[in-house]
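Chains as they are written, first to last, in the numbering used here: chain A, 32 to 965; chain B, 3 to 90. From the three backbone atoms N, C-alpha and C, an ideal C-beta is built for every residue, glycine too. Have a look at the structure below, then the notes.
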């Protein structure tokens, strides 16, 4: 195959191609040259290419059917992008286009053997075959995958830029044909902000392939739309309509942007989707060379491509007659025109690889390489369906038509409503557009009235002919399959659809729904009107996952000390929205620094809530399980929060800074949830309490200074606060000046198990204080430590982490918090449930565990087992302890196994089992807390 | 996506809010039976019709709201601050 362009016609009045711009590309490795403005299929059809793919199940050769976005047989791979709609995608220079779903080649396709074993692939074959024996399923699956369509995804594909936009047009018009342009114009002229969305690459709809008068009308309309200030989105599609006119629009073909998802809140939605030409069902109707009248008109008029050399046309409407005229003008010999309006019919299409002739109803045969059918229309009522409309079948017009069962904010215009000349369609569009603007609040109330509806012109009802053929071209479902499904009892449209998969392929019913229902009506002795149509749901067109994901709007948070961390080799750790230093190279060394000298850690992500007002103690008593009434000014206390079901929700330390002023800290991941929890309680249950909650998490940088030399270090930088053990004991809070910075808080607490101070300094001075601590602590051996070292330190000390050592079922008593929970309080959140939990006792208990072989660290989430296969617990935290030189764990075991010294069995991921000893305390070091209280 | 009218911020898309479900009054914790407490925690009527619900305007004014909404038509009959009375 070479680039001959042998089927390219001389210039056509409405052609979209630029003959001065040649675009070289390859198709299955063969070089071709197309023209700017070509689609992939028009460029290949100009070179005489007829077969574009193999069908889904039977691997039958397929060619151009509709020459539009939904063309079912021309899905191709372009470079590393699979599933490209080749009758829509504009050609670009250098494209590498390859077939999909044809192995090993389009000409010799092994899958055609499926046609010989067709009895296995009939209706419902998914449910009947490849089921037994079950052990063979992996084998079936790998074979089936080979035959299924889908193209190839490259693991190296660059993830492009996908955009998202929010829009608030007064009127959104879906469909840029004559009625849609008319509607957009009238609405804009009434003063509304209008967005006009067209699926194809340019406005115009069917006017584009019309004659001189239609083209003149088109250019007039386009100029008026541009002058009226309408925002036009082409190569874009309205994918869905949701409650309160929330409308999703997928915008394609943008420079530098892969796709953009526009989320529009629309006052009035005008649906002007036009009509989709419907295929005829007969034997051979899927052969390459069998195409719809509109496909012929597109190829000839838009791309100047001669679709064949000798044609037979089955026509039932003026559009079919126009296709005949186009063919004659294009120099195609029209061997026969079969006029369905006079009761004429065809029997079958002949040919193996492509159409070679037609058998007419009288049995005579006509040789041809092109068979064109124009036998009726499908009304694309998807968006109206999504707004609640259930279209009714109009037998006289041979198509479904919308009813008026729509919200006032959704209107239909043009061909989707009824028939008319181009001028009548524009006029109807204008009337509907004015009403749309009126309903959006423009131009006074009289404008809101709708124009008289377009009526449906009589049309012969043609669905299936005298033979059986394809109903669903994408899913390879034939009229025989639907008959056999009906015989098996699947006698409603929705059941047949699911059983045969008809209408469930990439065309999503746009071509095949009505024929499916018509064949089912025939099989059940019913009518199309009685069966009704299936419900069309969003999305109307395929949307990539990239477009749905869009840009990432989730913020990333860094502490004010981030620059220092980066400069000092911090390994980043993603912790919710925060990026934190996991370690600076050697977490074990960082642990030893804290145990032996002094370390500092950036704990800025800790949640911090400022609580003020006379009722703060009542709030604390309500949200924490322990008692808060007697907390003195200058003291801090550890607390645990539970939900109403008694499950541990968060923990932290709260300090009293003044008579009516408290500072609450939460876990880093729980900061937002705790704030909402407090607000929820205050706003819904106790609105009379006087408490004001202000989140300060990012207003303060937080640093924990831990280790035996921490007092010495902090004292060097602190003014106005006596840090001596007597003046500032354990679990106290002080305010003062650190490294020249006023308004700092320091509280003496000990998550790491060492003497330590947690300081909160105004965020803009965080880096300054951090660097000052390291600078002034150099002779003390001060160094930074990261989250990993902190996790080891707290595990050595036996402090639990909520959501690490607890889960969504862990109640306070299960986590060993017995001493903290004060059931003698009148009420607190979770009390009712905890009273029962306490009566019942805990099945599992949190304990400290040490493997007998201290060199083994059982991974977190390992099961603790008894006997062959009974689970009696699990490991929740485990690390090698640099302080003890052995592995240490926290975990849950059945209460009866929780006694100190009890030996339990831990199953490792590889199936091996080890022994571990239950320790007397959660703390592996310093259970008495002497190091904290120095 | 429905538009929900916030008494402070005006009509806003539902994804600005957190939907917290049907309003379930908290029983007196001193007297509640296990059945009453279980119903409060877990059981919802899930009506097809008018329901009283709690919404939280998370991306807006951060107020908890009591909303009367029809679960079939999505019509909203009233929106008020939680705790302002008129709740069952």
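Runs of the alpha helix (DSSP H) lying entirely within the stretch 783-866 of chain A and spanning at least 4 residues, in chain order: 797-807, 818-828. Taking 9 Å as the CB threshold, residue 669 of chain A stays off the interface with chain B. In terms of beta-carbon proximity, residue 3 of chain B lines the interface with chain A, with at least one pair separated by less than 9 Å. Between the alpha carbons of residue 906 of chain A and residue 671 of chain A lies a gap of roughly 22 Å. Listed in chain order, the non-local C-beta contacts of residue 347 of chain A below 8 Å within the same chain comprise 370, 371, 372, 405, 406, 407, 490, 491, 493, local neighbours out to five positions each way being set aside. By the 16-neighbour rule on beta-carbons within 10 angstroms, residue 450 of chain A is buried. Listed in chain order, the non-local C-beta contacts of residue 641 of chain A below 7 Å within the same chain comprise 694, 725, 727, local neighbours out to five positions each way being set aside.
A straight line joining the alpha-carbon of residue 313 of chain A with that of residue 567 of chain A spans about 26 Å.
For chain B, the residues of the stretch 247-276 of chain A that bring a beta carbon within less than 8 Å of one of its beta carbons are 273, 274, 275, in chain order. Nearest CB-CB separation between residue 43 of chain B and chain A: below the 9 Å threshold. Listed in chain order, the non-local C-beta contacts of residue 48 of chain A below 7 Å within the same chain comprise 66, 67, 68, 69, 334, 335, local neighbours out to five positions each way being set aside. Interface annotation, residue 867 of chain A: in contact with chain B, CB-CB separation under 9 Å.
The residues 860, 861, 863, 864, in chain order, have a CB closer than 8 Å to that of residue 675 of chain A in the same chain once the five nearest residues on each side in sequence are set aside. Distances from the alpha-carbon of residue 651 of chain A to those of A:703, A:636, A:723, A:586 put A:723 closest.
In the DSSP assignment, residue 677 of chain A falls outside any alpha helix (DSSP H) and carries neither an H nor an E. At a cut-off of 9 Å, the C-beta of residue 711 of chain A has a neighbouring C-beta in chain B. Proximity of chain B to residue 714 of chain A at the Cβ level (cut-off 8 Å) is accounted for by 65, 66, 83, 84, 85, in chain order. Pairwise C-beta distances place the stretch 295-308 of chain A in contact with the stretch 198-210 of chain A, as three or more of them are shorter than 8 Å.
In the DSSP annotation of this structure, residue 481 of chain A is not part of any beta strand (DSSP E), being labelled neither H nor E. 9 Å or more divides the Cβ of residue 686 of chain A from the Cβ of residue 815 of chain A.
Secondary structure at residue 660 of chain A: coil, using DSSP grouped into helix, strand and coil.
For residue 457 of chain A, the enclosing alpha helix (DSSP H) starts and ends at 453-470. Along the stretch 841-874 of chain A, going in chain order, the ones with a CB nearer than 8 Å to a CB of chain B are 857, 858, 862, 863, 864, 867. Contact between residue 555 of chain A and residue 534 of chain A fails: their C-beta atoms lie close to 17 Å from each other, not under 8 Å.
Residue burial is scored here from C-beta neighbours: residue 44 of chain B has fewer than 16 other C-beta atoms within 10 angstroms and is therefore classed as exposed. Residue nearest to residue 910 of chain A within the set A:960, A:939, A:944, A:823 is A:823 (criterion: CA-CA distance). If you draw a straight line from the Cα of residue 840 of chain A to the Cα of residue 658 of chain A, it comes to about 24 Å. Looking from the CA of residue 388 of chain A, the closest CA among A:319, A:414, A:293 belongs to A:319. For residue 28 of chain B, the chain A residues whose Cβ falls inside 7 Å of its Cβ are 716, in order along the chain. Residues of the stretch 675-700 of chain A with a C-beta atom less than 8 Å from some C-beta of chain B are 675, 676, listed in chain order.
Under the three-state reduction of DSSP, residue 595 of chain A is assigned to helix. Assigned with DSSP and collapsed to three states, residue 235 of chain A falls in coil, not helix or strand. Comparing alpha-carbon positions, the option among A:88, A:106, A:738 lying closest to residue 961 of chain A turns out to be A:738. Across the structure, residue 470 of chain A and residue 460 of chain A are spaced so that their CA atoms are roughly 15 Å apart.
Apart from the 5 residues on each side of it in sequence, residue 836 of chain A sits with its Cβ closer than 8 Å to the Cβ of 846, 877, 907, 908, 921 in its chain, given in chain order. Between the stretch 286-300 of chain A and the stretch 190-201 of chain A there are three or more C-beta pairs closer than 8 Å, enough to call the two in contact.
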